[in-house]
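Peer 1:
Numbering (the working numbering), first residue to last: 4 to 502.
Written out as structure tokens, the structure is:
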């Protein structure tokens, strides 16, 4: 690399550093949120005091933006801003130190400047940096005269720097207040969105103060109705008042944290569940309980629903085990050997599994007739079906699954499904009105390879079907054998609603 190349590389690196520093400076200036704001007495008092102290016609608090200098406070100048590229203050910002020009017409940097050749006819300029909290220079406090002046003394420059520090202290205070207010507003909004109310209770005066989503949680009248501890207890659900009183009294008596769950009577929403927790804020002469409240009604309802579901699941499991036990016991008498016994048990447990799959796909309590038929069709592909989709309770769904399984198994072993061309058509209807409404299902086998006839004896499967229809579904079952195969009709009370 030649010396020229090295010099160019250093220059490029310097440009990148300056661009980075300027971007950081402008970001800091934006943090103060002071550009284009209205005049403020705190800044104007300083510029007037500096004008009097230095006997100067023009004093400015100048902030250097990317393409302009904007005046937060000005004495003796009516314009709010001037272009940055003709400003004197940009040199102070670039150098980061005070700058004095005793006669601008004699300074080659400024003698052709429009601010010198025209209004405001600058001749003398003395500016000191305005340092932000992180050290960057945001602008200047400057003294300007329309006639040349001797250079100020070191003590005068130091005094001007002191005034610049006062200005930045005010600007920092202003920035802090804005950030605090924004943070507080954000917190208030967050509490509104999260439905949290904050409160402070003074047990000595019974005073109660609220912030956050109080109207949502406690009612729109909270400012008057809940301004005291007594008002708070009035809003509690009567059966919960004593327990909350004991818990709060213990916290006040012992100075320990407070936590409680209770119900309130919301003026618009009725009874709602609340959870509250708090701890003590202690000062030299007082102690207040500071806490939060949130609505836990939905959580309580979920807990209640979970408890109901667990009881229902326990009940269903008992029923399922009872059904399995009955199948195992009764199948034992009908099986011819161990292999036949295992096959029959497995087949009937498959039917129970189909019912459970349907219940799992819903809400455990009811199941769809169409969903059950899809399960049956998957196990026995030559079964075709049609009918309205009905919502069956768990016991009816299990009974229907066992019934259809017995019919299908018999069709595979002895009926239409034992041949290659055989099929089963299942059609059902349900009366839509009338006092004696009925559900009717017809099972029709056809296309079997051999002629069929009524069995010589009643099998366990037949007994299981009749038991399911009569005892579990409260209906009747009829069977007869046509030349093409078995026809079975099932009639039940129509008490299932459409899914």
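For each residue, glycine too, the CB sits at the ideal point set by N, CA and C.
Mind listing, in chain order, the continuous beta strand (DSSP E) runs of no fewer than 3 residues lying wholly within the segment 277–307?
Peer 2: Taking only runs of at least 3 residues, the beta strand (DSSP E) segments lying wholly in the segment 277–307 are 290–298.
Peer 1: Compare the Cα-Cα distances from residue 189 to each of 167, 216 and 297 and report the closest residue.
Peer 2: When only C-alpha atoms are compared, the closest one is 216.
Peer 1: Roughly how many angstroms lie between the CA atoms of residue 204 and residue 38, to the nearest whole one?
Peer 2: Going from the Cα of residue 204 to the Cα of residue 38 covers about 42 Å.
Peer 1: So, do the segment 123–142 and the segment 61–81 have three or more beta carbon pairs nearer to each other than 8 Å?
Peer 2: In short, these stretches touch, since the Cβ pair count reaches three.
Peer 1: Kindly confirm or deny that the segment 75–87 and the segment 52–66 touch, where touching means at least three C-beta pairs closer than 8 Å.
Peer 2: Judged by Cβ distances under 8 Å, the segment 75–87 makes contact with the segment 52–66, as three or more pairs qualify.
Peer 1: Would you mind working out which of 98, 36, 375 and 74 sits nearest residue 25, comparing C-alpha positions?
Peer 2: The option with the nearest alpha carbon to residue 25 is 98.
Peer 1: According to DSSP, is residue 455 part of a helix, a strand, or is it coil?
Peer 2: Correct three-state label for residue 455: coil.
Peer 1: Do you know offhand how far residue 248's Cα is from residue 306's?
Peer 2: Cα to Cα, the separation comes out at about 25 Å.
Peer 1: Which residues in the same chain have their Cβ closer than 6 Å to the Cβ of residue 212, if we skip the five residues on either side of it in sequence?
Peer 2: Hits under 6 Å: 203.
Peer 1: Out of 74, 265 and 429, which one is the CA nearest neighbour of residue 377?
Peer 2: Ranking 74, 265 and 429 by Cα distance to residue 377 puts 429 first.
Peer 1: Please state the DSSP three-state secondary structure of residue 445.
Peer 2: Here residue 445 sits in strand by DSSP.
Peer 1: In three-state terms, what does DSSP make of residue 23?
Peer 2: Helix at residue 23.
Peer 1: Out of 154, 146, 134 and 446, point me to the one whose CA is closest to residue 171's CA.
Peer 2: Answer by Cα proximity: 134.
Peer 1: Tell me, which residues are paired with residue 104 by DSSP?
Peer 2: Beta-bridge pairing links residue 104 to 128.
Peer 1: Whole angstroms are fine: how far does the CA of residue 35 sit from the CA of residue 503?
Peer 2: Residue 503 cannot be examined here, being either before or after the span of the chain that is shown, 4 to 502.
Peer 1: On the CB-based measure, 16 or more other CB atoms within 10 Å of its CB, does residue 359 come out buried or exposed?
Peer 2: Buried, because 16 or more other Cβ atoms sit within 10 Å of the Cβ of residue 359.
Peer 1: In whole angstroms, give me the CA-to-CA distance for residue 276 and residue 230.
Peer 2: About 20 Å.
Peer 1: Are at least three pairs of beta-carbons, each pair with one atom in the segment 486–497 and one in the segment 443–461, less than 8 Å apart?
Peer 2: Yes: at least three Cβ pairs fall under 8 Å.
Peer 1: In terms of residues, what are the limits of the beta strand (DSSP E) holding residue 427?
Peer 2: Here the beta strand (DSSP E) through residue 427 covers 426–433.
Peer 1: Are the segment 400–416 and the segment 342–362 in contact at 8 Å, needing three or more beta carbon pairs?
Peer 2: Verdict: yes, contact present.
Peer 1: Quick check on the burial criterion: 16 or more other C-beta atoms within 10 angstroms. Buried or exposed for residue 85?
Peer 2: Residue 85 is buried by the Cβ-count criterion.
Peer 1: In three-state terms, what does DSSP make of residue 373?
Peer 2: Reduced to three states, the DSSP call for residue 373 is helix.
Peer 1: So, at 6 Å on beta carbons, what are the nonlocal neighbours of residue 373 in its own chain, with the 5 sequence-adjacent residues on each side left out?
Peer 2: So the list reads 392, once near-sequence residues are dropped.
Peer 1: Looking at C-alpha atoms only, which residue of 122, 240 and 293 is the closest neighbour of residue 272?
Peer 2: Comparing Cα-Cα distances from residue 272 to each of 122, 240 and 293, the minimum goes to 240.
Peer 1: Got a sec? Which residues, its chain only, sit under 6 Å from residue 222 by beta carbon, not counting five neighbours each side?
Peer 2: Around residue 222: 269 and 270.
Peer 1: How long is the line joining the alpha carbons of residue 228 and residue 238, rounded to whole angstroms?
Peer 2: Their backbone Cα atoms lie some 8 Å apart in a straight line.
Peer 1: Let me confirm a value: residue 226 is counted as buried when at least 16 other C-beta atoms fall within 10 Å, else exposed. Which label applies?
Peer 2: Residue 226 is exposed by the Cβ-count criterion.
Peer 1: Could you say which of 149, 123, 127 and 167 lies nearest to residue 49 if we only look at CA atoms?
Peer 2: Among 149, 123, 127 and 167, the Cα nearest to that of residue 49 is on 167.
Peer 1: For residue 143, does the three-state DSSP call read helix, strand or coil?
Peer 2: Residue 143 falls in the strand class under three-state DSSP.
Peer 1: Tell me residue 489's beta-bridge partners as DSSP assigns them.
Peer 2: Answer is 484, bridged to residue 489.
Peer 1: Is residue 102 near residue 130, with beta carbons less than 8 Å apart?
Peer 2: Cβ atoms of residue 102 and residue 130: closer than 8 Å.
Peer 1: Return the bridge partner residues of residue 395 from the DSSP annotation.
Peer 2: Its beta-bridge partners are 370.
Peer 1: Between residue 383 and the ligand ZN, is there a pair consisting of the residue's CB and a ligand heavy atom that are separated by less than 7 Å?
Peer 2: Although the ligand ZN was asked about, the structure shown includes no ligands whatsoever.
Peer 1: Strictly by DSSP, which residues pair up with residue 160?
Peer 2: The partner list for residue 160 (beta bridge, DSSP) is empty, contrary to what the question assumes.
Peer 1: Using a Cβ-Cβ cut-off of 6 Å (strictly less than) and excluding sequence neighbours within five positions of residue 481, which residues of its own chain qualify?
Peer 2: Result list for residue 481: 492, in chain order.
Peer 1: Which residues share a DSSP beta bridge with residue 309?
Peer 2: DSSP output for residue 309 lists no bridge partner at all.
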